[in-house]
Each structure stands twice: as structure tokens, then as C-alpha cells.
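To start, the structure under review is shown below, and the notes come after it.
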Amino acid sequence: MFTVTYTKAAYKTLSKMPTDYRVRMMRELALVAVSPAAYRGDWKALEGAPYWRLRVGGYRAICEMRGHELVLLVLKVGSRGNVYK
-16 MFTVTYTKAA YKTLSKMPTD YRVRMMRELA LVAVSPAAYR GDWKALEGAP
34 YWRLRVGGYR AICEMRGHEL VLLVLKVGSR GNVYK
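Here it is as C-alpha cells:
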């Protein structure tokens, strides 16, 4: 089981999201943290980087799994058009 940790920017964006999406995103991140390999939602590795992407509706969370520390670090959260910039 991983511990979910948010960067300052990710936390700030989450706080500005509509409440229903914020709750869904945090719930899905908690499910990923339990067992990333067994998660059945829209969770996939990004090409060319050690990062992962979680999609919840029109929003994305960019994450880094630090296996040796068992930490799921949420780097960025935002809409599809802005999160990859």
C-alpha cells in the first residue's frame, strides 16, 4: 500500500476543482494507492517518463510512484488541455 502525497501545485488545483470531481479524484487516487497493479480504472504509464496518469472525467492527475518509499506522489492535477504542459 502506497501513501498518497500531493505537491503544493497539485493540492492548490484540487482545491479549486468542482467538489464532485475533487471527491472522485481523491477517492480514485486512494484506490490506486492500495494496489496500483490491480486498479481497474483509467490508470496508465506515460511514454518516455517514469510517470503515470489517472483520468477522472475531464481531469487528469500526473503521478510518480516511488516504490522504495511506497509513496504515490501526485505532481499535477488539471484539465486535459492544461495538465500535460
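Quick note: the sequence shown uses my numbering, first residue -16, plus one each step. Beta carbons: idealized from backbone N, C-alpha and C, even for Gly. Keep in mind the model is a prediction, meaning the values are calculated, not measured.
Check                                                                                     : Outcome
Separation of residue 12 from residue 22, as counted between CA atoms                     : 10 Å
Continuous beta strand (DSSP E) stretch holding residue 44: start and end                 : 42 to 49
Residue span of the alpha helix (DSSP H) that contains residue -2, given as start and end : -9 to -1
The region 15 to 30 in contact with the region -8 to 5 per 3-pair CB rule at 8 Å          : no
Start-to-end residues for the beta strand (DSSP E) that takes in residue 64               : No beta strand (DSSP E) contains residue 64, which is instead part of the alpha helix (DSSP H) from 63 to 66.
Beta-carbon gap between residue 48 and residue 1 smaller than 8 Å                         : no
Collapsed DSSP secondary structure at residue 4 in the structure displayed                : helix
Three-state class that DSSP yields for residue 102 in the structure shown                 : What the structure shows of the chain is the stretch from -16 to 68, and residue 102 is not part of that stretch, so it cannot be assessed.
Paired residues, beta bridge with residue -13 - DSSP                                      : 55
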